[in-house]
Structures are given as structure tokens and as C-alpha cells.
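Participant: Sharing a structure below in C-alpha cells format, with a few things to ask.
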Amino acid sequence: MTLFSIADWAYSARVAGRFCLKIQRGFTLIELMVVVAIVALGTALVSLALPDGDRNALARDGTRLAALLESARAQSRVAGVPVQWRPTGGGFAFDGLPATAPPLPTGWLDARTHALGNAPVTLGPDPIIPAQAIVLQLAGGATPPLRVATDGLRPFSVEAVQP
């Protein structure tokens with residue numbers, strides 16, 4: 013009977029370890045869980061970063077309307093004639109603009125946008141006008157409405173409607 017020396021034992025352990033390492037294949041459960049967590053985190057961040065198309069469309073129409081109202085207000089002051097903005101069936105109209113002034117757009121960027129109410133907005137010719145507001149909403153009502161308003165002295169601005 014032959015006794016193994018410590019050197020033989022160490023050699024056998026190294027050879028056995030190599031075979032064990034070659035036999036192990038695949039990923040551990042921890043590695044798979046880490047990958048799934050990273051993918052889930054990335055998916056959540058991407059879904060939060062996607063813009064809300066309806067809210068952006070209404071905000072674009074509101075910002076554009078505020079700029080158009082200020083343009084009509086300036087033209088009214090320069091010409092010295094009163095100008096009124098009023099909603100129409102498919103958009104809006106500016107009444108009283110001078111014939112020499114370039115025509116202003118009369119439609120919404122998004123066909124679903126409409127103004128609530130039918131009250132006209134007076135835009136001049138006085139430098140200080142009454143406080144006025146226009147509430148915009150998308151058809152369907154899923155998106156919160158926006159107000160395009162002025163206090164009479166400041167320019168028109170877009171703000172969220174307070175419930």
C-alpha cells in the first residue's frame with residue numbers, strides 16, 4: 013500500500029479543481045437576478061422619459077395662442093383700433109385687425125383643441141386691458157385644461173387650471 017505524500021495530495025486537488033471548473037457552466041441565480049433588476053430599472057426610466065403627447069399638444073397650442081394674442085394686442089395699440097379674439101367652430105378669429113397687418117393664423121395646431129366658452133377677448137387699443145382668460149381643453153377631456161390669461165398689464169401667459 014502506497015501512501016500519498018502531501019505533494020501528491022496537492023497535485024490531485026489541483027487536477028480535480030480544474031475538472032470541477034470545466035464542468036460548471038451557465039450563470040448563477042444571483043447573476044441572473046442582477047441582470048433582470050438592471051433591465052427592469054432601465055425599462056422604468058425609459059417609460060418615465062416618454063413625453064405625454066396630449067399634454068404637449070395642448071401646451072403648444074396654449075403657448076402659440078399667448079404669442080398670437082400678444083401680437084394682436086401690439087397691432088391694436090399701433091393702429092389705435094380695438095381688436096377682439098373670439099373662438100369659432102374650428103379654431104378662432106381676430107376681429108378688427110388693420111387691413112395692412114399681416115393675417116394671423118386662425119386654427120389650432122391640434123384639431124382636438126378647443127376653447128371653453130364663447131366670450132370674446134378684447135385686446136386694445138389701450139395699454140392696460142381688463143384681466144381676461146381663455147381656457148383651452150382637448151376633446152375627450154383626458155388632459156387637464158390650461159388657461160391663457162393676463163391681468164391686463166402683463167403679457168398673456170399659459171398656466172394650469174386650478175381645480
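Just so it is clear: in the sequence shown, position 104 is 116 by my numbering, and no numbers are missing. We treat Cβ as the ideally placed atom computed from N, Cα and C, and that holds for glycine. Model, not experiment: these values are computed from the prediction.
Which of the three DSSP states is assigned to Thr162 in this structure?
Facilitator: Three-state result, Thr162: strand.
Participant: For Asp66 and Thr155, what's the separation of their Cα atoms in angstroms?
Facilitator: If you take the alpha carbons of Asp66 and Thr155, they lie about 7 Å apart.
Participant: On the CB-based measure, 16 or more other CB atoms within 10 Å of its CB, does Ser88 come out buried or exposed?
Facilitator: By the neighbour-count rule (16 or more Cβ atoms within 10 Å), Ser88 is buried.
Participant: From Ala79, Val47, Asn68, pick the residue whose C-alpha is nearest to that of Ser169; which is it?
Facilitator: The shortest C-alpha separation from Ser169 is found at Ala79.
Participant: Can Leu135 and Leu62 be called in contact, C-beta distance under 8 Å?
Facilitator: Contact: no.
Participant: Reducing DSSP to helix, strand and coil, say where Pro167 ends up.
Facilitator: Pro167: coil per DSSP, three-state reduction.
Participant: Identify, in the order they occur along the chain, each residue of the same chain with its Cβ nearer than 7 Å to the Cβ of Asp163, setting aside the five sequence neighbours on each side.
Facilitator: Cβ within range, chain order: Ala143.
Participant: Do Pro157 and Val133 have their beta-carbon atoms positioned less than 8 Å apart in this structure?
Facilitator: Not a contact, by the Cβ cut-off of 8 Å.
Participant: Would Met13 be called buried (16 or more neighbouring beta carbons within 10 Å of its own) or exposed?
Facilitator: Bear in mind that the predicted position of Met13 carries a pLDDT of just 48, short of 50, making it too unreliable to give a figure here.
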